[in-house]
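In our numbering, the protein residues as written are 8 to 252. Even for Gly, the Cβ is constructed at its ideal location relative to N, Cα and C.
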Ligand code: SF4
């Protein structure tokens with residue numbers, strides 16, 4: 008039966024694996040919520056597909072997590088990389104650390120290194136599952152558990168889970184944990200764009216911390232609006248039309 012808002016995380020994943028088979032995948036950066044759905048799905052089927060984005064700027068600890076997951080679950084981790092010509096064009100035009108200059112350039116980097124590679128990969132799928140939770144911040148408050156209108160179908164089985172529920176699951180099932188949590192990180196992305204959080208800060212405060220006022224999203228789940236969106240479109244056009252791309 009098609010899952011609803013009342014379905015459990017396990018039921019949603021079991022339905023997806025049964026309905027879509029190898030046209031379904033978990034997408035994770037090996038943070039806590041992603042590890043819960045990966046663990047749950049692997050307990051249902053060792054044949055589950057696992058995707059991750061390798062932006063080329065990840066911390067070493069994330070690569071260590073790929074090794075831990077391969078060893079623990081025996082799954083193939085499908086590592087999705089950005090288009091080399093697009094990265095060359097972007098870095099040649101704006102420098103390797105363009106993200107610190109302004110929000111539109113940061114969003115450009117996220118588009119070239121994350122959004123566009125993922126969009127290419129998603130064309131292989133009919134459904135995917137991610138670890139989004141409504142508690143993770145303002146932009147995520149309205150995340151549905153099951154989005155049948157999306158292409159591919161998008162599942163957020165932990166949408167209504169709390170951080171405490173996630174931590175309890177990880178403890179109970181002895182799930183591998185990203186080593187950077189031990190160092191004070193609360194949300195983990197690329198190395199140059201992530202820092203540990205300070206006491207009292209919200210979990211995503213360590214992402215793009217120099218952009219205090221901007222929305223803390225890379226564009227995969229929630230795209231930018233307004234001026235940043237318009238500037239991004241121009242920058243993307245320039246990068247994609249250069250001789251490199
Ligand atoms: S998080 Fe930083 S390095 Fe990673 S893709 Fe986005 S801007 Fe680029």
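*What residues in its chain sit with their C-beta under 7 Å from that of residue 65, if we drop five residues either side in the sequence?*
Taking the chain shown and counting its residues from 1, the one referred to as residue 65 is at position 58. Cβ neighbours of residue 65 beyond the five flanking positions: 197, 198.
*Can residue 113 be considered in contact with ligand 1, in the sense that its beta carbon sits closer than 7 Å to one or more heavy atoms?*
Taking the first residue of the chain shown as position 1, residue 113 is located at position 106. Checking every heavy atom of ligand 1 against the Cβ of residue 113, one is found closer than 7 Å.
*What does residue 136 pair with, by DSSP beta-bridge criteria?*
In the chain shown, counting from the first residue as 1, residue 136 sits at position 129. According to DSSP, which records beta bridges pairwise, residue 136 is partnered with 33, 162.
*Reducing DSSP to helix, strand and coil, say where residue 169 ends up.*
Residue 169 sits at position 162 when you count from the first residue of the chain shown. In the structure shown, residue 169 sits in coil (DSSP, three-state: anything other than H, G, I, E or B).
_Near ligand 1: residue 229 beta-carbon under 7 Å from a heavy atom_ = Taking the chain shown and counting its residues from 1, one reaches residue 229 at position 222. No; taking the cut-off as 7 Å, the Cβ of residue 229 has no heavy atom of ligand 1 nearer than that.
*What does a CB cutoff of less than 6 Å around residue 122 pick up in its chain, not counting 5 residues either side in sequence?*
Here residue 122 corresponds to residue number 115 of the chain shown, with the count starting at 1. These residues qualify, in order along the chain: 226, 227.
*Within 8 Å, strictly: CB atoms of residue 165 and residue 16*: Here residue 165 refers to the residue found at position 158 when the chain shown is read from its first residue. Here residue 16 refers to the residue found at position 9 when the chain shown is read from its first residue. Taking 8 Å as the Cβ cut-off, residue 165 and residue 16 qualify as a contacting pair.
*If you follow the alpha helix (DSSP H) that residue 150 is part of, which residue opens it and which one closes it?*
On the chain shown, residue 150 is found 143 positions in, with the first residue counted as 1. Premise fails: residue 150 is in no alpha helix (DSSP H) and is neither H nor E.
*Which two residues bound the contiguous beta strand (DSSP E) that contains residue 59?*
As a first step, residue 59 must be located in the chain shown, where it is residue number 52. It spans 56-60 - the beta strand (DSSP E) in which residue 59 sits, taken as one unbroken run.
_Measuring alpha carbon to alpha carbon, tell me which residue in 21, 43, 95, 97 is nearest residue 178._
To locate residue 178, count along the chain shown from 1; it is residue 171. Ranking the options by Cα distance to residue 178, first place goes to 43.
*Name the DSSP beta bridge partners of residue 83, please?*
On the chain shown, residue 83 is found 76 positions in, with the first residue counted as 1. DSSP lists no partner for residue 83.
*State yes or no: is the C-beta of residue 170 nearer than 7 Å to some heavy atom of ligand 1?*
Within the chain shown, numbered from 1, the residue matching residue 170 stands at position 163. Incorrect: residue 170 has no Cβ contact closer than 7 Å to ligand 1.
*Going by CA-CA distance only, name the one from 45, 190, 76, 141 that's closest to residue 19.*
Taking the chain shown and counting its residues from 1, the one referred to as residue 19 is at position 12. Nearest option by C-alpha distance: 45.
*Grouping DSSP H, G and I as helix and E and B as strand, with all else coil, what is residue 214?*
Along the chain shown, read from residue 1 onward, the residue named residue 214 stands at position 207. Three-state DSSP puts residue 214 in a strand.
*What distance in whole Å lies between the Cβ atoms of residue 96 and residue 246, which are believed to be in contact at a cut-off of 8 Å?*
By one-based count along the chain shown, residue 246 stands at place 239. By one-based count along the chain shown, residue 96 stands at place 89. About 5 Å separates the two Cβ atoms, so the contact holds.
_Beta-carbon separation (whole angstroms), residue 128 vs residue 58, contact threshold 8 Å_ = The residue labelled residue 128 in the question sits at position 121 within the chain shown. The residue labelled residue 58 in the question sits at position 51 within the chain shown. That pair is a contact at about 6 Å.
*Buried or exposed: which applies to residue 103, given that a residue is buried once 16 or more other Cβ atoms fall within 10 Å of its Cβ?*
The residue labelled residue 103 in the question sits at position 96 within the chain shown. Counting Cβ neighbours within 10 Å, residue 103 comes out exposed, since fewer than 16 surround it.
*Pocket of ligand 1 (residues with CB nearer than 6 Å to any heavy atom), chain order*: 62, 64, 106, 113, 116, 117, 120, 121, 196, 197, 199, 200, 225
*Since residue 193 contacts residue 162 with CB under 8 Å, what's their CB separation in whole angstroms?*
Here residue 193 refers to the residue found at position 186 of the chain shown. Here residue 162 refers to the residue found at position 155 of the chain shown. Their Cβ separation, rounded to whole angstroms, is 24 Å, which puts residue 193 and residue 162 out of contact at 8 Å.
_Inter-residue spacing [alpha-carbon to alpha-carbon] between residue 72 and residue 131_ = By one-based count along the chain shown, residue 72 stands at place 65. By one-based count along the chain shown, residue 131 stands at place 124. Approximately 24 Å between the Cα atoms of the pair.
*By DSSP, does residue 201 sit in helix, in strand, or in coil?*
To locate residue 201, count along the chain shown from 1; it is residue 194. Three-state result, residue 201: strand.
*Beta-carbon separation of residue 21 and residue 51 under 8 Å?*
Here residue 21 corresponds to residue number 14 of the chain shown, with the count starting at 1. Here residue 51 corresponds to residue number 44 of the chain shown, with the count starting at 1. It is a contact, given that the beta carbons lie within the stated cut-off.
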